[in-house]
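S.K.: Using the UniProt record's numbering, the first residue of the sequence shown is number 1, and each one after it goes up by one. Backbone N, C-alpha and C fix where the C-beta goes; we use that ideal spot for every residue, glycine too.
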Amino acid sequence: MIRDEVRPVLVTEQGVYDLALVARLTGKDAQAWDKWISAGVAGMLDRWLDVAPALAALAENVAAAGPKYEPLGTGTQLCEPYRPIRIFATASNYVEHAQEMGTVLAAKSESQPYVFMKADSSVIGPDAAVILPERAQKVDWEVELAAVIGIGGRDIPVEKALEHVAAYSVINDITSRDLTRRSDFPFKFDWFRGKSFDTFAPLGPWLVPAACIGDPQSLRLTLDVNGTRKQDDSTGSMIFSVAEQISYLSSILTLRPGDLIATGTPDGVGMGTGEFLNCGDIVTAAVEKVGAITNPIRSMPVG
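1. According to the Cβ coordinates, are Ala-136 and Leu-203 closer than 8 Å?
2. Have a look at the DSSP bridge pairing and note the partners of Pro-202.
3. Which same chain residues end up closer than 6 Å to Arg-256 when comparing Cβ atoms and leaving out the 5 residues on each side of it in sequence?
4. How long is the line joining the alpha carbons of Phe-185 and Ala-59, rounded to whole angstroms?
5. Would you say Leu-223 and Val-143 are within 8 Å of each other, going by their C-beta atoms?
6. Do you know how far the Cα of Leu-19 is from the Cα of Met-1?
7. Report back the beta-carbon spacing between Ala-63 and Gln-112 to the nearest angstrom; my notes put them in contact at under 8 Å.
8. Counting C-beta neighbours from all protein chains within 10 Å, is the total for Lys-28 16 or more, i.e. buried, or is it exposed?
9. Could you pull out every residue in the same chain whose Cβ sits closer than 8 Å to the Cβ of Asp-46, ignoring the five residues on either side in sequence?
10. Given Gln-99, which residues of its chain have a CB within under 8 Å of its CB, disregarding the five upstream and five downstream residues?
11. Kindly provide the ranges of any alpha helix (DSSP H) runs that are 4 or more residues long and lie completely inside the region 82-129, ordered along the chain.
12. Rounded to whole angstroms, how far is the Cβ of Leu-219 from the Cβ of Val-287, which I believe are closer than 8 Å?
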């Protein structure tokens, strides 16, 4: 997507291309592309079975055509790949992260994923600022693999679950640790408040089709704050795999195209050491084969 004039782009090893332009230049499936592009990325996810093979063919055509297709210039600014209506996030899905948070987990055989939701208004894209709320004192980072649903379904078996994934991305589940706790109610935790502030879900830098990723349980996740490595682990360390999370969620509700699942974060968050984000910090979250998203930290504007 491109800020100011927001439109879908195609990202290849050769560069970033205006999706509508290269689709028109190929001369193939012009009517279908016009329809898909006019619906935006969310609309394309809703038609993923048709769009995915067309995108793959288009990317191959661009790669083979060389200079025939001109990439967008350096003035192009990526924004969030799309704005998911529903963001499901899995908590304490890495053993060492649970331990650093002081969470005592039951054996996997006696447990199920613990899922909460983040507001769609928390999503921002690459280079957009994470804004520190005035009353938040302990704002933390969490790099996660994001799985985007392309084929909906209910009661999806684990062995079929990955067939429902359209794409993967990187999400940083920003959290105000102090505001996830309450003393004014008998309910001691308020994860909605602590995790759903505006700007608390940097997402991007793009969506990578699942076919380009392969096994989602063999990807390295890293997160740096001001160039210092804070998190470094593999999705293979998840307690509940991506497929198991999809299957579990679909046992509760019907998953829809465009639903996003933040699949959990490894250890190395600030809460483990008492170090939190401050105005002026730069945070980079990355997932192998997917990409990296960098965001500055800013204070709430006054006035």
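M.R.: Reading off the structure:
1. Annotated as distal: Ala-136 and Leu-203, with beta-carbon spacing of 8 Å or more.
2. The beta-bridge partner set that DSSP reports for Pro-202 consists of Ile-124.
3. Setting aside the 5 residues that flank it on each side, Arg-256 is surrounded in the same chain by Gly-152, each with a C-beta closer than 6 Å to its C-beta; the list follows chain order.
4. Cα to Cα, the separation comes out at about 53 Å.
5. Yes; because the gap between Cβ atoms is below 8 Å, this pair is in contact.
6. Low confidence applies here, because Met-1 scores a pLDDT of 49, under 50, leaving its location unreliable; read the following figure in that light. In a straight line, the C-alpha of Met-1 is about 9 Å away from that of Leu-19.
7. Separation of the CB atoms of Ala-63 and Gln-112 is rounded to 43 Å, and the pair is thereby denied contact status at 8 Å.
8. By the neighbour-count definition (other C-beta atoms within 10 Å, threshold 16), Lys-28 is an exposed residue.
9. The residues are Ala-39, Pro-257 and Gly-258.
10. Only residues of its own chain outside the window of five on either side were considered, and among them Asp-267 have a CB closer than 8 Å to the CB of Gln-99, listed in chain order.
11. Segments of the alpha helix (DSSP H) lying fully in the region 82-129: 95-100.
12. Confirmed, about 6 Å.
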